[in-house]
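Residue numbers (the numbering used here), protein chains in the order written: chain A, 1 to 363; chain B, 1001 to 1363. Idealized CB from N, CA, C, for every residue including glycine. These numbers come from a predicted model, not from an experiment. Okay, structure first, notes after.
2 protein chains.
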Amino acid sequence: MTSVINVNLPEQSYEIAIAPGSLDQLGEKMTGLQLGKKVLVVSNPTIFKHYGERAINSLKTAGFEVASCILPAGERFKNLNSIQKIYDAALENRLERSATIVALGGGVIGDMAGFAAATWLRGISVVQVPTTLLAMVDSAIGGKTGVNHPQGKNLIGAFHQPRLVLIDPEVLKTLPVREFRAGMAEVIKYGVIWDAELFAQMEASKHLNQLRYIKPELIETILIRSCQAKADVVSKDEKEAGLRAILNYGHTIGHAVESLTGYRLVNHGEAVGIGMVAAGQIAVELGMWQKEETERQNALIQKAGLPTQLPSGVDIAAIIDALQLDKKVKAGKVRFVLPTQMGVVTVTDEVPADTIRQVLQAM
Amino acid sequence: MTSVINVNLPEQSYEIAIAPGSLDQLGEKMTGLQLGKKVLVVSNPTIFKHYGERAINSLKTAGFEVASCILPAGERFKNLNSIQKIYDAALENRLERSATIVALGGGVIGDMAGFAAATWLRGISVVQVPTTLLAMVDSAIGGKTGVNHPQGKNLIGAFHQPRLVLIDPEVLKTLPVREFRAGMAEVIKYGVIWDAELFAQMEASKHLNQLRYIKPELIETILIRSCQAKADVVSKDEKEAGLRAILNYGHTIGHAVESLTGYRLVNHGEAVGIGMVAAGQIAVELGMWQKEETERQNALIQKAGLPTQLPSGVDIAAIIDALQLDKKVKAGKVRFVLPTQMGVVTVTDEVPADTIRQVLQAM
Ligand SMILES: NC(=O)c1ccc[n+]([C@@H]2O[C@H](COP(=O)([O-])OP(=O)(O)OC[C@H]3O[C@@H](n4cnc5c(N)ncnc54)[C@H](O)[C@@H]3O)[C@@H](O)[C@H]2O)c1
Ligand SMILES: NC(=O)c1ccc[n+]([C@@H]2O[C@H](COP(=O)([O-])OP(=O)(O)OC[C@H]3O[C@@H](n4cnc5c(N)ncnc54)[C@H](O)[C@@H]3O)[C@@H](O)[C@H]2O)c1
Ligand SMILES: [Zn+2]
Ligand SMILES: [Zn+2]
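Here it is, written out as structure tokens:
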């Protein structure tokens, strides 16, 4: 059974299709989108070993001419150098304007393949086939693409919407558990900022910290409702003019923690978990959110196997400094997304530095 | 006196302002566009020496915080490496989303500054201050930005419209004459494809091959009517879905000649001149255009000091091969823009290779 979520945008709408085993229908799903014959699959060695052959067979069966470009794995290769390699493959395989890049991988591959597609011949089609939970519920949807500058994350990029997002939940079986949990942080985020019902369903589950302990129906619900949340927000604010900022819940302090721990000790999802705990508490301190709701949130973060405390050794003054460097700073003021009730948040740049410091000290 | 031409686009419209001496009003013209305080001026050493100080003074007087990034001059530096340098300057000067890049230069600087602006923080503002005739009437308008791949021109890029195009015709005084003539090729193109009246006015001028022999009023007319032509076409077809293809008149064979002569012997404008002569003759052979009209066109090209013959040593078979590699090829068919009367063209992919060969052999 396939669940379909529509992302409605003025210039080009597209479907997010969620179905177990759908990797083998990739080619089929792409026919009917009026794409040219040529396809370049971008992936990394780990993912390609697991799923490359199936994706390529499916594309070939549907009549596509397929080439591939395998980039080294890891965030540290998310740079212009890797983009150059995709361009080289695009040239070698003579990708014309009608050609399509298929991103087969997590957020790193998706962001790079998307950026290369955005900028090759001033824009060719991209199809996202996310293979991590984070990519399925977050990075593959919404058209943000890009790479890192040696001195800062995601500084280089473009908005470029995919023509299709194809999610096969079965590929999550090979995903390392820590990566799965990182994705759960974003799922919990959707519960807090947008979908109290999703939150409640996760609350009702005994386990949340490993794929194999979670009922397939709950996984399906998680994927469908998270994708719906992201699609809703993106449809209402494609270019991040306003509403889309709420997706940064937990990310303000999260990013600071991530960068101060060198993007290694703490991964993105873990940092977002910590950031949500901090933001929730700030909302409580400012009298915006109820203490019991924060506790519900924190319990869920913990059930997902994510940390709820600052890693030892991270300097609180350094976090406060780092906030100032964040892209979300406007005219020198740090912007926070804060919950007011489960499923509802507000955006403010009126959080006193003292409150931030206090909350962090208590964590 | 300032002439203003509007480029009307669904997402963001902008003005092309043409006024002698307006370089000193750059800052002033930029206020009111709701741009942030920070500006990065991108230029090359030659242009910056002539005009950098005036541009920067004007910006500072208007209250902007200005930094600059000077890239080496020349088409061969229009590559990702130069873009990386703009990114480094953007980082160093902490350009936020509200910041603006000012492109002070010809098409090379404009394309690179535009691409960097398109991709820094997924898009910041760019203001185009074109300093060559070609950039004024063509490359600064319409939002095409990009760089070259080592193996192909303009393969990497993005659409990113400027917030303002500011044209000061006086800067043309320092432009080398060969560059001036290259720009005239595009102006003649607008006459043939869009504006028979512009064509007639140039026909009526005794000289056309050097700025100082041309009446200032005619220069003004040339700038205004050419910018209007480009603005009209771009407004009707921002992303090159159809109409915009007519801007490629003379460029099909022109690009082949340019690339076969290594982009040195023959420059872009000269190649376009040769390409227009060829396209005009193809249209005559196919019974689409009158012989007398081609002759009018060729006379004007000649009066502008541009070549009307193939450079010796260029192999005709090689040109025909090169056409197949062109970005304008769709499903293996070469697309030609051909005139049907002065100011009107049509697009066709039905030109027999024999006709192309014959016409080139006779040139
Ligand atoms: N574009 C957006 O809107 C957006 C949103 C959030 C995050 N991001 C970006 O996403 C990136 C993080 O993405 P991620 O969390 O997916 O990490 P990732 O892409 O680095 O993948 C994590 C690891 O899991 C491996 N892997 C992926 N799928 C697998 C599978 N099915 N089986 C086995 N191994 C698998 C990968 O090889 C990698 O080592 C960051 O660069 C971040 O900036 C982008
Ligand atoms: N984006 C578009 O729509 C578009 C359209 C056409 C061409 N282009 C691009 O434009 C580029 C060509 O642009 P161009 O013809 O302006 O060449 P250019 O930018 O290389 O400038 C030509 C030369 O003139 C010098 N120069 C510029 N202004 C001067 C001045 N006022 N006084 C003295 N010297 C000056 C420059 O330093 C350079 O050496 C190509 O890369 C082409 O691909 C883009
Ligand atoms: Zn995130
Ligand atoms: Zn041209």
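ask   = So what does DSSP say about tyrosine 1263(B), is it helix, strand or coil?
value = coil
request  = Compute every distance between the C-beta of proline 1176(B) and the non-hydrogen atoms of ligand 2, then say whether any falls below 7 Å.
outcome  = yes
request  = Grab me the residues of aspartate 1085(B)'s own chain with a C-beta within less than 8 Å of its C-beta, minus the 5 sequence neighbours each way, in chain order.
outcome  = Note on residue identity: the sequence assigns lysine, not aspartate, to residue 1085(B). The answer, listed in chain order, is Cys1069 and Leu1071.
inquiry  = Relative to the C-alpha of arginine 178(A), which candidate in Leu198(A), Ser58(A) and Thr132(A) has its C-alpha closest?
reply    = Thr132(A)
message = Check this for me: beta carbons of glycine 157(A) and lysine 144(A), under 8 Å apart or not?
response = yes
ask   = Can you tell me where the beta strand (DSSP E) with threonine 1145(B) in it begins and where it stops?
value = 1144-1149
Top-ranked residue by Cα proximity to alanine 50(A), from Lys173(A), Ala245(A), Asp349(A) and Leu306(A) = Just to set this straight, residue 50(A) is histidine in the shown sequence, not alanine. Looking at the Cα atoms, Lys173(A) is the closest of the given residues.
message = Given 7 Å as the limit, tell me if threonine 131(A) has its C-beta closer than that to any heavy atom belonging to ligand 1.
response = yes
key: Per DSSP, cross-strand counterpart(s) of isoleucine 1018(B)   = Ser1003(B) and Ile1167(B)
query = What are the residues that DSSP puts in a beta bridge with valine 39(A)?
reply = Val66(A) and Thr100(A)
ask   = Name the DSSP beta bridge partners of leucine 1338(B), please?
value = Thr1346(B)
query = Between the C-alpha atoms of leucine 1310(B) and glycine 1063(B), what's the straight-line distance to the nearest angstrom?
reply = 52 Å
request  = Take every Cβ of the segment 280-287 of chain A, pair it with every Cβ of the segment 89-103 of chain A, and state whether three or more of those distances are shorter than 8 Å.
outcome  = no
request  = Within the segment 227-302 of chain A, note down every full beta strand (DSSP E) run reaching 3 residues or more, in order along the chain.
outcome  = none
ask   = Could you give the residue range of the alpha helix (DSSP H) that holds isoleucine 1141(B)?
value = No alpha helix (DSSP H) holds isoleucine 1141(B); DSSP gives it neither H nor E.
task = Answer with yes or no whether the minimum CB distance from isoleucine 1141(B) to chain A is below 8 Å.
result = no
ask   = Taking the alpha helix (DSSP H) that asparagine 1057(B) falls in, what are its first and last residues?
value = 1053-1061
ask   = Using Cβ-Cβ distances below 7 Å, what residues of the segment 74-88 of chain A are close to chain B?
value = Leu80, Gln84 and Tyr87
key: Own chain partners of aspartate 24(A) with C-beta closer than 7 Å, once the 5 adjacent residues on each side are dropped   = Arg54 and Ser58
ask   = Looking at the C-beta of leucine 1035(B), does it have a partner C-beta in chain A at a distance below 8 Å?
value = no
task = Identify the continuous beta strand (DSSP E) that holds phenylalanine 1159(B) and give its terminal residues.
result = 1152-1159
query = CB of aspartate 1168(B) to nearest heavy atom of ligand 4: below 7 Å?
reply = no
inquiry  = Is it buried or exposed, valine 102(A), if we count other Cβ atoms within 10 angstroms and call 16 or more buried?
reply    = buried
ask   = If you drop the 5 nearest sequence neighbours on each side, which residues of the same chain put their C-beta closer than 7 Å to that of alanine 118(A)?
value = Thr145, Ala158 and His160
message = Please report the distance separating the alpha-carbon of leucine 1121(B) from that of arginine 1097(B).
response = 6 Å
query = Does any heavy atom of ligand 4 sit closer than 7 Å to the C-beta of histidine 251(A)?
reply = no
DSSP state of serine 1013(B) mapped onto helix, strand, coil = coil
ask   = So what's glutamine 128(A) in DSSP terms, helix, strand or just coil?
value = strand
query = Going by C-alpha distance, which of Leu1218(B), Ser1043(B) and Val1266(B) is nearest serine 1312(B)?
reply = Val1266(B)
inquiry  = Using DSSP's beta-bridge definition, name the partner residues of glycine 1105(B).
reply    = Pro1130(B)
task = Give the interface partners of glutamine 1012(B) over in chain A, defined as CB-CB distance under 7 Å, in chain order.
result = Chain A residues near glutamine 1012(B): none, gap ~11 Å exceeds 7 Å.
request  = Step through the CB atoms of chain A and report whether any lies within less than 8 Å of the CB of tryptophan 1289(B).
outcome  = no
ask   = Going by the CB atoms, is the gap between leucine 1080(B) and valine 1126(B) shorter than 8 Å?
value = no
request  = Could you confirm whether any beta carbon from chain B is found closer than 8 Å to the beta carbon of glycine 156(A)?
outcome  = Looking at the sequence itself, residue 156(A) is isoleucine, so the reference to glycine does not match. At least one chain B Cβ lies under 8 Å of isoleucine 156(A).
query = Does DSSP put lysine 1373(B) in a helix, in a strand, or in coil?
reply = The structure shown has nothing for residue 1373(B), since chain B only spans 1001 to 1363.
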